[in-house]
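Undergrad: Quick one: the structure is below, questions incoming.
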Amino acid sequence: MVVRVQQAAFDLGAELERFSAARKDAGAVVSFTGLVRDDAGGALDRMVIEHYPGMTERAILEIEAEAVERWALKDVLIIHRFGDLRPGDRIMMVATAARHRKEAFEAAEFLMDYLKSRAPFWKKEFTRDGAEWVASKDEDEAALGRW
Amino acid sequence: MIDVLYFAWVRERIGLPREKVETSAETVADLVEELKAREERYAVAFADVSALRVAVDQELTEFSAPLAGAREVAFFPPMTGG
Chain A
139 MVVRVQQAAF DLGAELERFS AARKDAGAVV SFTGLVRDDA GGALDRMVIE
189 HYPGMTERAI LEIEAEAVER WALKDVLIIH RFGDLRPGDR IMMVATAARH
239 RKEAFEAAEF LMDYLKSRAP FWKKEFTRDG AEWVASKDED EAALGRW
Chain B
9 MIDVLYFAWV RERIGLPREK VETSAETVAD LVEELKAREE RYAVAFADVS
59 ALRVAVDQEL TEFSAPLAGA REVAFFPPMT GG
């Protein structure tokens, strides 16, 4: 089980290779990667992600522990970046390893739903027209209800 | 004396990321009232607490939560991780 909160970019291929290598107890590995999306039609210059050092790690570990217990996961990897990012940059990734794919998919979705609105990160977008904090969506909060 | 932390637009509106506050507030809501009474920038930042979230000692909680024994209180908008 690994949780990393970091400024640096990560190598998606290498992370997944390491995560799934020589694993004999899990038949399924699912991963999700979040990217900086330019909704401004090319006008997004950069995104700055702020977080709450200390609470961030703690909140993610709590979310992870719940997923491990509910889906009997064999392993979890969560990497989330902060700082200055450009359109197309990877913001974060989660990977889950379980005996079967259903558990791995569901747990990855659960992790993403909770990381979205319970991990203390805030995104600010800088476009040609100015800077704006990304607002949370009601549907993100509602998504927690299905778990 | 407790550490009060601000993040995202709350930090920008108040103009600082953290400060030490001498308070005898019993709950988070009482602390918010004390801060609002200080200066206009606090009143602006805390104008609508339904748009804010609070963590006491790094655990999300409610504005009605007690502050007894708390070391750190953080105010921020709804989180946008992932």
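Order-wise, the sequence lines are chains A and B. Reading the first sequence from the start, the letters are residues 139 to 285 in this note's numbering. Reading the second sequence from the start, the letters are residues 9 to 90 in this note's numbering. Backbone N, C-alpha and C fix where the C-beta goes; we use that ideal spot for every residue, glycine too. If you're wondering where the values come from, they're calculated on a predicted model, not measured in any experiment.
Would you say A:E263 and A:W271 are within 9 angstroms of each other, going by their C-beta atoms?
TA: Here the question's residue 263 of chain A lines up with position 125 in the first sequence. Here the question's residue 271 of chain A lines up with position 133 in the first sequence. Yes, these two residues count as a Cβ contact at 9 angstroms.
Undergrad: Would a C-beta distance cut-off of 9 angstroms place A:M139 and A:V232 closer than the cut-off?
TA: Reading the first sequence from its first residue, position 1 is the one you call residue 139 of chain A. Reading the first sequence from its first residue, position 94 is the one you call residue 232 of chain A. No, these two residues do not count as a Cβ contact at 9 angstroms.
Undergrad: Would A:E188 and A:F259 qualify as a contact pair, given that the criterion is a beta-carbon distance under 9 angstroms?
TA: Translated into positions along the first sequence, residue 188 of chain A becomes position 50. Translated into positions along the first sequence, residue 259 of chain A becomes position 121. Yes; because the gap between Cβ atoms is below 9 angstroms, this pair is in contact.
Undergrad: Around the Cβ of A:A269, are there at least 16 other Cβ atoms within 10 angstroms (buried) or fewer (exposed)?
TA: The residue labelled residue 269 of chain A in the question sits at position 131 within the first sequence. Per the 10 Å Cβ criterion, exposed.
Undergrad: From B:E34 to B:R49, what does the alpha carbon distance come to, in whole angstroms?
TA: By one-based count along the second sequence, residue 34 of chain B stands at place 26. By one-based count along the second sequence, residue 49 of chain B stands at place 41. Roughly 23 angstroms between the two C-alpha positions.
Undergrad: Between which two residues does the alpha helix (DSSP H) containing A:D273 stretch?
TA: Translated into the one-based positions of the first sequence, residue 273 of chain A becomes position 135. The sequence shown places Ala at residue 273 of chain A, rather than the Asp named in the question. Element bounds for A:A273: n/a, residue is neither H nor E.
Undergrad: According to the neighbour-count rule (16 or more other Cβ atoms, all chains shown, within 10 Å of its Cβ), is A:A242 buried or exposed?
TA: Indexing the first sequence from 1 puts residue 242 of chain A at position 104. Buried.
Undergrad: Can at least three beta-carbon pairs, one atom from the stretch 168 to 180 of chain A and one from the stretch 195 to 211 of chain A, be found at a separation below 8 angstroms?
TA: no
Undergrad: DSSP puts B:E67 in a beta bridge; with which residues?
TA: By 1-based counting over the second sequence, the position of residue 67 of chain B is 59. DSSP output for B:E67 lists B:V64 as bridge partner(s).
Undergrad: Based on Cα-Cα distance, which residue from A:V141, A:M230, A:A181 lies nearest to A:L173?
TA: For the purposes of this step, residue 173 of chain A is taken as the residue at position 35 of the first sequence. The shortest C-alpha separation from A:L173 is found at A:M230.
Undergrad: Starting from A:M248, trace the alpha helix (DSSP H) both ways and give me its first and last residue.
TA: Residue 248 of chain A sits at position 110 when you count from the first residue of the first sequence. Checking the displayed sequence, the identity of residue 248 of chain A turns out to be Phe instead of Met. A:F248 -> alpha helix (DSSP H) spans 239 to 256.
Undergrad: Out of A:A210, A:R256, A:L223, A:F248, point me to the one whose CA is closest to A:A164's CA.
TA: On the first sequence, position 26 is the one that residue 164 of chain A refers to. Checking every option, the nearest Cα to that of A:A164 belongs to A:A210.
Undergrad: When we look at the beta-carbon of B:S72 and count the other beta-carbons within 10 Å, is it buried (16 or more) or exposed?
TA: Here residue 72 of chain B corresponds to residue number 64 of the second sequence, with the count starting at 1. B:S72 should be labelled exposed.
Undergrad: Bridge partners of A:L211, per DSSP?
TA: Your numbering for residue 211 of chain A matches position 73 in the first sequence. None, per the DSSP bridge assignment.
Undergrad: In the stretch 255 to 284 of chain A, which residues sit with their C-beta less than 9 angstroms from some C-beta in chain B, listed in chain order?
TA: S255, R256, A257, P258, F259, W260, K261, K262, W271, V272, A273, S274, K275, D278, E279
Undergrad: What does A:R219 reach in chain B if we use C-beta pairs closer than 8 angstroms?
TA: The sequence position of residue 219 of chain A within the first sequence is 81, counting from 1. The premise fails here: A:R219 is roughly 11 angstroms from chain B at the closest Cβ pair, so nothing lies under 8 angstroms.
Undergrad: Bridge partners of B:Y14, per DSSP?
TA: Taking the second sequence and counting its residues from 1, the one referred to as residue 14 of chain B is at position 6. Per DSSP, B:F83.
Undergrad: Short check: CB of A:M193 to CB of A:D227, under 9 angstroms?
TA: Locating residue 193 of chain A in the first sequence gives position 55, counting from the first residue. Locating residue 227 of chain A in the first sequence gives position 89, counting from the first residue. The answer is no: Cβ separation not under 9 angstroms.
Undergrad: Per DSSP, A:M231 forms a beta bridge with which residues?
TA: Position 93 of the first sequence, counted from the first residue, corresponds to residue 231 of chain A. Answer is A:T171, A:I217.
Undergrad: Ends of the alpha helix (DSSP H) at B:K44?
TA: Translated into the one-based positions of the second sequence, residue 44 of chain B becomes position 36. That run of the alpha helix (DSSP H) goes 36 to 46.
Undergrad: Which partner residues of A:D267 appear in the DSSP bridge assignment?
TA: Here residue 267 of chain A is taken as the residue at index 129 of the first sequence, counted from 1. A:D267 is not bridged to any residue.
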